[in-house]
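Reviewing the structure listed below.
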Amino acid sequence: MLRPKNHALAYYCVALLLSLATLAEFLHFNYLGRLESGAYDLSLKHRLFYAPADPDIVIVDIDERSLAAMGEEYGRWPWPRAVLAEFVEGLQAQAPAAVVFDILFSEPDIYNPESDAYLNSVAESYDNVFFPFIRLPAHNDALSELRPSMVPGFQRLDHLPSSDAPLAAILPFLNAAVTAGRIGTNTIQPDDDGIVRSYELYEIHDGWLIPSLPMTLASQLNEATPQAQSLLINWRGDVGAYESVSFVEVFEDFLQREPSRPGDEFNNKIIIIGSTAPSLHDLKPTPIARSHPGVEILATGIDNAINRDFIRTFQAPWVPLAIALLIIWITAIAFARQVPVAVIDGLYGASQGGLLVLGFASINVSNFYLDLSAPVFFGLAYFAAARGYQIYSTRSDSRRIWQKRFESPGPVAIGVLHFPSKTNAKQLIRQTLARIRKLFRSVYIEKVPVENSGLKITFGETYFVFNLFEERPELFSTTGLKDLLQKTGSGSVSSEGLFVASSVMHFESDRATNEQLWKSHAFTLLQSTTNTGICREYTPSN
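In my numbering, the protein residues as written are 161 to 702.
Have a look at this one:
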């Protein structure tokens, strides 16, 4: 039998092993990445308070309605670039702050060069029109002839060495936009699980800063942008958070001699031209929605960049690591020092609940997310291991106590608990036995077998409860047991009809004598208590 100090050593050893696993996870492995991402997504999805969408950002949506209506005259998408050029000119009449395309213009229209020239002319005429370009995977860089120094919008970082290495990218064919530097990446990269959570504001390539579209726009508007390269998107709520108008409605209104829409509808607004139409396949999964339109992701990135309110997290892992280790060792000390079970359960539940509430509250009252999923996980892992060991060691010690008592003299208390058959019998049995185990360290409980299942249904279930008489003898009596059940009852389960009896056996030094004494004494007590005679013989297990 393990002594209490050996039990304490076991608790500390488990805590040490789990602490090493915690250190390895935080500093190297990151196996809990999916757990942390899931907790983050859940917090965002059920966020109580979202920052409102910037009212100066308006999406012009090439929706399914627009595709159908415009298709009658201009054919299927993509439409001639002259349509978009004419639309931009209509917007410029209202003096918008910026017009941003969420449309790639990677190839010229060889069948309609005049249309392309028209759009290029419009891009040259207005200095507030911005276009995206494609940044290809880095492994294609060696195959490219494009160098960063060839693109006006790219910035040379003097504090970094550079050889002007090739860069794999597909720029817009609109020379006016490229020459003016009004371009940026709109490469939305999902995490390993396919969910889009962050936006890359820029890329550092061989000592050159390659800006994203939100960063280029913010710079043109003289807005300072965050310094971090990639930041978590601060979503503005569900899909549809931004003001949106249908492309075809606005376009047709521009063609009217007497427009019906307000003449200053887009004044000083940031207009983003893109599509939410499922047929154009620009939908991506995010923590907010399984199909989030790419144009709304771009709008949110621009909103976050201009207002500098991306979601921030701990850059160093030491804070959640310290919390995880603190929970593990405080719990270990509590188990090792045999703090009452109810106290451990209460404190542990409060600490874990507090961590969950703190993490969820952080994202609701600020733009800072406190990721405490890993401390919760490791705290739960240790608590489960320690509680499992506690249950096993307690029952193992109890059984060994009784095996040893067979071979040594001394008084032993015996009690009989008989539970009549009733609708709440299982709940009554479970609660009663749990109460007894909490009060007696060395208690040993065995169920009396019944040969006939019909008798079991009729007469219920019977348990023998054995305990060292030296431990709280005032409780282990017929009156004490009855009082115990009444005083410690939860109130939800009635003990009415519960037969209780108790007695004391005095063991001798001979094992065989003690086994016979236990057997006969228990049966005699049972027979006198229930007065049913349903158990013909009982042999306790060793």
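The beta-carbon is built from N, C-alpha and C at its ideal position, and this holds for glycine as well.
Sequence-distant partners of proline 445 (beyond 5 residues in either direction) whose C-beta falls short of 8 Å from its own C-beta, in its chain, are Pro350, Gly354, Ile355, Val356, Ser451 and His452. Cβ atoms of isoleucine 574 and phenylalanine 624 come within 8 Å of each other, at about 7 Å.
Using a Cβ-Cβ distance cut-off of 8 Å, the stretch 394–413 and the stretch 202–222 are in contact, since at least three pairs of beta carbons, one from each stretch, lie closer than that value.
Around the beta carbon of tryptophan 368, 16 or more other beta carbons sit within 10 angstroms, so the residue counts as buried.
For the set Leu169, Tyr278, Ala594 and Leu392, the Cα lying nearest the Cα of valine 501 is the one of Ala594.
Around the beta carbon of isoleucine 523, 16 or more other beta carbons lie within 10 angstroms, which makes this residue buried.
Counting only residues of its own chain and dropping the five nearest sequence neighbours on each side, phenylalanine 537 has a CB closer than 7 Å to the CB of Leu192 and Leu195. For leucine 334, same chain residues with a beta-carbon under 7 Å away, outside a window of 5 residues either side, are Phe265, Leu279, Asn280, Ala283 and Phe291 in chain order. For isoleucine 343 and alanine 184, the gap between their C-alpha atoms comes out near 43 Å.
For the stretch 479–535, the full-length alpha helix (DSSP H) segments reaching 4 residues or more read 501–525 along the chain. For glutamate 274, the enclosing alpha helix (DSSP H) stretches over residues 273–285. Nearest C-alpha to asparagine 288 among Gly198, Ser179, Gln380 and Ala437: Gln380.
Check the Cα spacing between methionine 375 and each of Asn467, Ala213 and Phe543: the tightest is with Asn467.
Around the beta-carbon of phenylalanine 543, 16 or more other beta-carbon atoms lie within 10 Å, marking it buried.
Our two residues, isoleucine 364 and valine 248, have alpha carbons roughly 32 Å apart in a direct line. Beta-bridge annotation (DSSP): threonine 622 is paired with His578. DSSP places glutamine 416 outside both helix and strand once states are collapsed to three, so it counts as coil. Short of 7 Å from the beta carbon of leucine 485, and not among the five residues preceding or following it, lie these beta carbons of its own chain, in chain order: Ser179 and Thr182. According to the DSSP assignment, glutamate 360 belongs to the beta strand (DSSP E) that extends over 358–360.
Separation of the CB atoms of isoleucine 471 and leucine 361 is rounded to 13 Å, and the pair is thereby denied contact status at 8 Å.
Bounds of any beta strand (DSSP E) do not take in phenylalanine 265, whose DSSP letter is neither H nor E.
No residue range can be given for threonine 473, since it is assigned to no beta strand (DSSP E) and is classified by DSSP as neither H nor E. Contact between leucine 244 and alanine 437 is absent: CB atoms are separated by about 16 Å, not below the 8 Å threshold. Annotation for glutamate 403: the continuous beta strand (DSSP E) segment containing it runs 403–406.
With distances taken between CA atoms, phenylalanine 209 lies nearest to Arg396 out of Val503, Ala459 and Arg396. Collapsing the DSSP output to three states places glycine 354 in coil.
Nearest to leucine 202 by alpha-carbon distance, out of Val408, Tyr529, Pro215 and Ala388, is Tyr529.
Between valine 174 and alanine 545, the gap from beta carbon to beta carbon is short of 8 Å. By the Cβ neighbour-count rule, arginine 236 is exposed, with fewer than 16 other Cβ atoms within 10 Å of its own.
Sequence-distant partners of alanine 242 (beyond 5 residues in either direction) whose C-beta falls short of 6 Å from its own C-beta, in its chain, are Ser275 and Tyr278. One alpha carbon belongs to leucine 169, the other to proline 477, and they sit about 29 Å apart.
According to the DSSP assignment, isoleucine 457 belongs to the alpha helix (DSSP H) that extends over 454–467.
For lysine 205, the uninterrupted alpha helix (DSSP H) segment begins and ends at 193–205. Per DSSP, tyrosine 604 is one residue of the beta strand (DSSP E) stretching across 604–607. Counting other Cβ atoms within 10 Å of its Cβ, alanine 253 stays below 16 and is therefore classed as exposed.
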